[in-house]
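Q: One structure coming up, written as structure tokens, with questions to follow.
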């Protein structure tokens, strides 16, 4: 098989970045200047020609020039301070803190960290090892603490496997520090959890115990400056309005939730979230029982 050209590799990289960002507006290699609204191609633009923004989602864009890669634009935005793949001690502490408190609250629930659930070959159900698992009122519950960028196919695989066992699943996103109030761009898997749990993603910081913070991704916008210019003998103008971001969101906080008192199980039918290409499979989830706050 022939090796891929730099252009082919760059195109694949742009598609991966677009999927993670939730916007394909930069795939063609074109962005706009935030102050003049002029279009620029990555191959001919320089950083001094910016600042740039994406003409599709209106978020900030960075120009990347590299001798070993094709010049390209990439989305830029504040991300949530999630635990990285190398922060294993914090990840472990999160699981142990939650599990210990669930044992105290529900001593008959047989709560364990990383309990192996055997494979069921006849039913084609793989072995599972949930971060935390036990029972509340005879309902089997699994809590997965998402500490690195797990791919959507793997999330779907685990979610489906738990559903086949009638285990209510809760995904938690641990943070090294509070999320804050400024707009940010949720990662692909954060948006996916947001869809699964009816417009909420559950965040947790060290010391919160059995409390998780539900966050709804509210709208955010930016101002596009008004400008006038003359082109081909004609007077033209654009801008002068606020444009709502398509991938950047404002965190909207609900009340803190107790994992054992404010949640119950629910079955969801398969569906495809708005503006996403990834289907959410039929699943049994451990979701909060509070009404919408947005």
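In the working numbering, the protein residues as written are 5 to 298. All residues carry an ideal CB built from backbone N, CA and C; glycine is no exception.
What does the alpha-carbon distance come out to for the pair residue 1 and residue 234?
A: The requested residue 1 is not part of the displayed model; the chain covers only 5 to 298.
Q: Is the separation between the beta-carbon of residue 257 and that of residue 205 shorter than 9 Å?
A: In this structure, residue 205 does not lie closer than 9 Å to residue 257 by Cβ.
Q: Among all the DSSP beta bridges, which residues are the ones paired with residue 255?
A: Partner(s): 221.
Q: For residue 132, does the three-state DSSP call read helix, strand or coil?
A: It is a strand residue.
Q: Mind checking which residues open and close the beta strand (DSSP E) that includes residue 164?
A: From DSSP, residue 164 is part of no beta strand (DSSP E) but of the alpha helix (DSSP H) over 156-168.
Q: Let's see if you can read the secondary structure: which residues bound the alpha helix (DSSP H) around residue 107?
A: That run of the alpha helix (DSSP H) goes 92-109.
Q: Can you tell me whether residue 2 is buried or exposed, with buried defined as 16 or more other CB within 10 angstroms of its CB?
A: There is simply no residue 2 to check, as the chain begins at 5 and stops at 298 in what is shown.
Q: Using 8 Å as the Cβ pair cut-off and three pairs as the minimum, do the stretch 102-112 and the stretch 191-207 touch?
A: Counting Cβ pairs under 8 Å, fewer than three are found: no touch.
Q: For residue 47, which of helix, strand or coil comes out of DSSP?
A: If DSSP states are grouped into helix, strand and coil, residue 47 belongs with coil.
Q: Mind checking whether residue 137 and residue 119 have CB atoms under 9 Å apart?
A: Yes. Within cutoff.
Q: For the beta strand (DSSP E) containing residue 299, name the first residue and the last one.
A: Since the first residue shown for the chain is 5 and the last is 298, residue 299 is missing from the structure and cannot be characterised.
Q: From residue 153 to residue 193, what does the alpha carbon distance come to, in whole angstroms?
A: Each residue's Cα considered, the two are about 7 Å apart.
Q: Give the single residue among 134, 68, 181 and 221 whose Cα lies nearest to the Cα of residue 94.
A: Nearest of 134, 68, 181 and 221 to residue 94, Cα basis: 181.
Q: Using the three-state DSSP reduction, which class does residue 53 fall into: helix, strand or coil?
A: Residue 53: helix per DSSP, three-state reduction.
Q: Suppose the cutoff is 6 Å on Cβ atoms and the five residues either side in sequence are ignored; what does the same chain contact list for residue 275 look like?
A: Excluding sequence neighbours, residue 275 sits near 284.
Q: Report back the beta-carbon spacing between residue 61 and residue 254 to the nearest angstrom; my notes put them in contact at under 8 Å.
A: Incorrect: roughly 15 Å between the Cβ atoms, too far for contact.
Q: What three-state label does DSSP hand residue 152 in the structure shown?
A: Correct three-state label for residue 152: coil.
Q: What are the boundary residues of the beta strand (DSSP E) that includes residue 288?
A: Segment 287-292, the beta strand (DSSP E) holding residue 288.
Q: Looking only at C-alpha atoms, which of 156, 79, 91 and 108 sits nearest to residue 56?
A: Nearest C-alpha to residue 56: 79.
Q: Quick check on the DSSP output: the alpha helix (DSSP H) that includes residue 192 runs from which residue to which?
A: It spans 192-200 - the alpha helix (DSSP H) in which residue 192 sits, taken as one unbroken run.
Q: According to the Cβ coordinates, are residue 53 and residue 242 closer than 9 Å?
A: Not in contact: residue 53 and residue 242 (Cβ atoms no closer than 9 Å).
Q: Should residue 271 and residue 292 be called a contact, given that it needs their Cβ atoms to be closer than 9 Å?
A: For residue 271 and residue 292, no; Cβs fall outside 9 Å.
Q: Does residue 296 pass the burial test, meaning 16 or more other C-beta atoms within 10 Å, or should it be called exposed?
A: Its Cβ having fewer than 16 others within 10 Å, residue 296 is exposed.
Q: Of all the options 290, 273 and 249, which has the alpha carbon lying nearest to the alpha carbon of residue 29?
A: Of the listed residues, the one whose Cα sits closest to residue 29 is 249.
Q: Taking the alpha carbon of residue 210 as the reference point, which residue from 127, 68, 161 and 178 has its own alpha carbon closest?
A: For the residues 127, 68, 161 and 178, the minimum Cα distance to residue 210 belongs to 178.
Q: Opposite residue 236 in the DSSP bridges: which residues?
A: BP columns for residue 236 are empty, so no partner.
Q: Below 8 Å on the Cβ atoms is my contact criterion, and I expect residue 102 with residue 214 to pass it. Report the Cβ-Cβ distance as a whole number of Å.
A: Right, their Cβ atoms sit about 7 Å apart.
Q: On the premise that residue 197 lies in contact with residue 83, defined as a C-beta separation below 8 Å, what is that separation, rounded to the nearest angstrom?
A: At roughly 15 Å, the Cβ-Cβ gap does not stay under 8 Å, so residue 83 and residue 197 are not in contact.
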